[in-house]
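Q: After the structure tokens below, expect a handful of questions from me.
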Amino acid sequence: MAQMNQTPAPAEEMTQQEYSELVAVRRQKLADLQQAGKDPFHITSWPQADFAAEVKENFQDLPEDVAPEDHRQVCMAGRMMSKRVMGKASFADLRDTTGTIQMYVKRDDVGADVYQEFKKFDIGDIVGVRGFVFRTKMGEISVHVTEVVLLSKSLLPLPEKFHGLKDQETRYRQRYVDLIVNPEVRRAFEVRSRFIRYMRRYLDERDYMEVETPVLNTIAGGAAARPFITHHNTLDIDMYMRIATELPLKRLIIGGIDRVYEIGRIFRNEGMDPKHNPEFTTVELYQAYADFHTMMDIAEGILTGAAREILGTYQVEWQGEQIDLTPGWRRLTMVDAVREYAGVDFAAITDDAEAVAAAKAIGVELADAAEKTWGNALYACFDQKVEEKLVQPTFITMYPVEVSPLTKRSPEDPRLTERFELFICRSELANAYSELNDPIDQRLRFEKQVEQRERGDEETEMMDEDFLTAMEYGMPPTGGMGMGIDRCVMLLTGSTSIRDVILFPTMKSLPNDK
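Residues in the sequence shown are numbered from 60 upward in steps of one, following the working numbering.
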């Protein structure tokens, strides 16, 4: 009778005793190998030269009477994902970085002793094989193995292949297992890598210079966010993990690097939800002698170009919506957006009290720490009533000065600033300014932020005297933008949670975590 060695049942469906017994069996197999002088962990390398996808793609059928040595010879390595032992011959699936291919292992070809050892291999073991490529009678392209070597022992059983790793939280915590048993999740991270490569190429071709700036700072600046605080033992000072790369990059603009960008990790000590992770990745870029209109063109160019190159289409589905990324995105001022979507015309309101009352009339309340001004009322109406209605790509422009402390005022209306945010499917993907380069105005706005912080708003800007000093040396007119890479990847992959596009998202510790 055929002997079957199937993938073990998923650990979550076993009793703890059954799982422990499986682990003990695997550890005993390793101990036996070590005692026999065949410790797989002593092997340092394997001449992997061939890969599953390429082998299958370039396979050529040969007549049945062709000798084995005339078939394509391959040397491969990967993880064994299944095994079917049938007397003197066995089939197994080998998965490498490109895909899966079937192995045919026959006792007469590898030798009786090696075949006996192979029969003891477990699902999840890493193996190296040599052999030749052929097509089985069932029509499957396979490797007829002439040599098989155990390269690494898997001491823990994988979740069973037909049920897989389904628990979402476990998938995030153990991304390594998720990638092993759910290979389709890899696509999101391949798209992420390609998107970042495309964005780099896009900016490099426009003469931008990529730089790196500090992650640890004595002042948390460049954004309205609560920072993580750490302590530098040698200097005996508290430091902040950066909440933005803006202020160091602007210092470089002042220093004469006219086009500069940084792709980097940002840390904000804030809430977690499907769109927010405490650490995330952005690109920030600054261009001297440009304004926020230039930044709009770049934002649209990066996302439409990436969609065309990576997906081959401008049409994507995200969060249940059909999104059209065809170039020519809508550009709408915040005043016009609030008039269109909330029915309040702030262009016709000049008085602060009237503006606050108009907001209250449609059910919008200002934050306790916010001054009761026209600008704060306009922004609150947008934030609470309009943002949720923006599905197709839309640039919202001309933000109130109260919520844009680093942005140049509009020459037409000093209550507003030359700023935009890009919204797609109710999510903000980019934020850009015509950067404020007046050091006197900048100091006044920092002072306003400090006052707001003293009223209890921990997310406002801190006073950065060194940045003000840098500005006093003269900063050219500049356009700047920050773009959330994680959300862009969510859009391109149709992911509903930011955790699906971050390899190792932040998770709450389990009780038994050390």
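We put the CB at the ideal spot given by N, CA and C, even for glycine.
Indicate whether Val445 and Tyr400 have their beta-carbon atoms separated by less than 8 Å.
A: Taking the sequence shown and counting its residues from 1, one reaches residue 445 at position 386. Taking the sequence shown and counting its residues from 1, one reaches residue 400 at position 341. Yes, the Cβ-Cβ distance between Val445 and Tyr400 is below 8 Å.
Q: Is Tyr458 near Met393, with beta carbons less than 8 Å apart?
A: Position 399 of the sequence shown, counting from 1, holds the residue named residue 458. Position 334 of the sequence shown, counting from 1, holds the residue named residue 393. For Tyr458 and Met393, yes; Cβs fall inside 8 Å.
Q: Report all residues from its chain with a CB closer than 7 Å to the CB of Arg131; omit the five preceding and five following residues, and keep chain order.
A: Position 72 of the sequence shown holds residue 131. Correct list, in chain order: Phe191, Val192.
Q: If you draw a straight line from the alpha carbon of Glu487 to that of Pro99, how long is it in whole angstroms?
A: Numbered from 1 along the sequence shown, position 428 holds the residue referred to as residue 487. Numbered from 1 along the sequence shown, position 40 holds the residue referred to as residue 99. Distance between the alpha carbons of Glu487 and Pro99: 50 Å.
Q: According to DSSP, Pro459 sits in a beta bridge with which residue or residues?
A: For this step, residue 459 is matched to residue 400 along the sequence shown. Its beta-bridge partners are Leu475.
Q: Is the beta carbon of Ala414 sitting closer than 8 Å to the one on Leu437?
A: In the sequence shown, residue 414 corresponds to position 355, counting from 1. In the sequence shown, residue 437 corresponds to position 378, counting from 1. Yes, the Cβ-Cβ distance between Ala414 and Leu437 is below 8 Å.
Q: By a C-beta neighbour count over all protein chains shown, 10 Å radius and 16 as the cutoff for buried, is Pro464 buried or exposed?
A: Looking up residue 464 in the sequence shown gives position 405. Its Cβ being crowded by 16 or more others within 10 Å, Pro464 is buried.
Q: Let me make sure I understand the geometry here. Which of Met542, Asp184, Arg154, Pro242 has the alpha-carbon closest to that of Ser201?
A: For this step, residue 201 is matched to residue 142 along the sequence shown. When only C-alpha atoms are compared, the closest one is Arg154.
Q: Quick check: the stretch 558-571 against the stretch 238-254, are at least 3 beta-carbon pairs closer than 8 Å?
A: Output reads yes: the stretch 558-571 touches the stretch 238-254.
Q: Secondary structure at Ile382, three-state DSSP: helix, strand or coil?
A: Position 323 of the sequence shown, counted from the start, is the residue given in the question as residue 382. Strand.
Q: Contact check, Cys440 vs Ala416 under 8 Å by CB: the rounded distance?
A: Looking up residue 440 in the sequence shown gives position 381. Looking up residue 416 in the sequence shown gives position 357. In fact, because the Cβ distance is near 12 Å, the residues do not count as touching under 8 Å.
Q: From Pro386, Glu447, Gln511, Gln374, pick the residue whose C-alpha is nearest to that of Lys431; which is it?
A: As a working note, residue 431 is residue 372 in the sequence shown. Lys431 has its Cα closest to that of Gln511, out of Pro386, Glu447, Gln511, Gln374.
Q: If we count the other Cβ atoms within 10 Å of its Cβ and call it buried at 16 or more, is Glu71 buried or exposed?
A: In the sequence shown, residue 71 corresponds to position 12, counting from 1. With a pLDDT of 49 at Glu71, under the threshold of 50, the modelled position of that residue is not reliable, and the figure given next carries that caveat. It counts as exposed.
Q: Pick helix, strand or coil for Leu209, following the three-state DSSP scheme.
A: Sequence index remark: in the sequence shown, residue 209 carries index 150 (1-based). Strand at Leu209.
Q: Gly543: buried (16+ other C-beta within 10 angstroms of its C-beta) or exposed?
A: Here residue 543 refers to the residue found at position 484 of the sequence shown. Gly543 is buried by the Cβ-count criterion.
Q: How big is the Cα-Cα spacing for Gly146 and Ile160?
A: The residue you call residue 146 lines up with position 87 of the sequence shown. The residue you call residue 160 lines up with position 101 of the sequence shown. Rounded to the nearest angstrom, the two C-alpha atoms are 21 Å apart.
Q: I want to know whether the stretch 257-266 touches the stretch 360-367 - three or more CB-CB distances under 8 Å.
A: Enough Cβ pairs lie closer than 8 Å, so yes.
Q: CB-CB under 7 Å to Ile483, same chain, minus the five flanking residues each way: which ones, in chain order?
A: By 1-based counting over the sequence shown, the position of residue 483 is 424. The residues are Ile382, Pro452, Leu550.
Q: Classify Met197 as buried or exposed, calling it buried when 16 or more other Cβ atoms lie within 10 Å of its own Cβ.
A: Here residue 197 refers to the residue found at position 138 of the sequence shown. Answer is exposed; the Cβ neighbour count stays below 16.
Q: Under 6 Å Cβ to Cβ from Asp297, same chain only, skipping five residues before and after it: list those, please.
A: By one-based count along the sequence shown, residue 297 stands at place 238. Around Asp297: Ile288, His290.
Q: For Arg131, name the three-state secondary structure that DSSP assigns.
A: Sequence index remark: in the sequence shown, residue 131 carries index 72 (1-based). Coil.
Q: Using only CA atoms, which one of Met522, Gln93, Val548, Leu89 lies nearest to Glu376?
A: Translated into the one-based positions of the sequence shown, residue 376 becomes position 317. Looking at the Cα atoms, Val548 is the closest of the given residues.
Q: Using the rule of at least 16 other Cβ atoms within 10 Å of the residue's Cβ for burial, across every protein chain shown, is Val186 buried or exposed?
A: Locating residue 186 in the sequence shown gives position 127, counting from the first residue. So Val186 ends up on the buried side.
Q: So what does DSSP say about Gly281, is it helix, strand or coil?
A: Within the sequence shown, residue 281 is the residue found at index 222, counting from 1. Reduced to three states, the DSSP call for Gly281 is coil.
Q: Is Lys220 helix, strand or coil when you go by DSSP?
A: As a first step, residue 220 must be located in the sequence shown, where it is residue number 161. Reliability of the predicted coordinates at Lys220 is poor, the pLDDT of 49 falling under 50, and the value obtained from them is presented with this limitation in mind. In the structure shown, Lys220 sits in coil (DSSP, three-state: anything other than H, G, I, E or B).
Q: Name the DSSP beta bridge partners of Gly538, please?
A: In the sequence shown, residue 538 corresponds to position 479, counting from 1. Beta-bridge pairing links Gly538 to Gln346, Ser493.
Q: Using the DSSP secondary-structure output, state which residues sit across from Leu391 in a beta bridge.
A: By 1-based counting over the sequence shown, the position of residue 391 is 332. Ile455, per the DSSP bridge assignment.
Q: Find the nearest neighbour of Ala347 within the set Arg390, Leu384, Gly538, judged by alpha-carbon distance.
A: Taking the sequence shown and counting its residues from 1, one reaches residue 347 at position 288. Taking only the C-alpha atoms, the option nearest Ala347 is Gly538.
Q: With 8 Å as the threshold, decide whether the Cβ of Asn435 is near any Cβ in chain C.
A: No chain C appears in the structure shown, which is made up of a single protein chain.
Q: Measuring alpha carbon to alpha carbon, tell me which of Glu113, Trp105, Glu524, Glu520 ends up nearest Ile499.
A: Walking along the sequence shown from the start, residue 499 turns up at place 440. The option with the nearest alpha carbon to Ile499 is Glu524.
Q: If you draw a straight line from the alpha carbon of Phe505 to that of Ile455, how long is it in whole angstroms?
A: Along the sequence shown, one-based indexing puts residue 505 at 446. Along the sequence shown, one-based indexing puts residue 455 at 396. Roughly 24 Å between the two C-alpha positions.
Q: Have a look at Met139 and Tyr174 and give me their C-alpha separation to the nearest angstrom.
A: Residue 139 sits at position 80 when you count from the first residue of the sequence shown. Residue 174 sits at position 115 when you count from the first residue of the sequence shown. Each residue's alpha carbon lies about 15 Å from the other.
Q: Under the DSSP definition of a beta bridge, which residues are partnered with Leu238?
A: In the sequence shown, the residue the question calls residue 238 occupies position 179. The partner list for Leu238 (beta bridge, DSSP) is empty, contrary to what the question assumes.
Q: With 16 other CB atoms within 10 Å as the buried threshold, where does Leu217 fall?
A: The residue labelled residue 217 in the question sits at position 158 within the sequence shown. It is buried - the Cβ of Leu217 has at least 16 other Cβ atoms within 10 Å.
Q: Just to confirm, are Lys179 and Lys88 a CB contact at a threshold of 8 Å?
A: Residue mapping note: residue 179 aligns to position 120 of the sequence shown, counting from 1. Residue mapping note: residue 88 aligns to position 29 of the sequence shown, counting from 1. Yes, these two residues count as a Cβ contact at 8 Å.
Q: Would you mind giving the Cβ-Cβ distance between Phe326 and Met300, rounded to the nearest angstrom? I have them listed as a contact below 8 Å.
A: Here residue 326 corresponds to residue number 267 of the sequence shown, with the count starting at 1. Here residue 300 corresponds to residue number 241 of the sequence shown, with the count starting at 1. With 8 Å as the limit, Phe326 and Met300 qualify as a contact, their Cβ atoms being about 4 Å apart.
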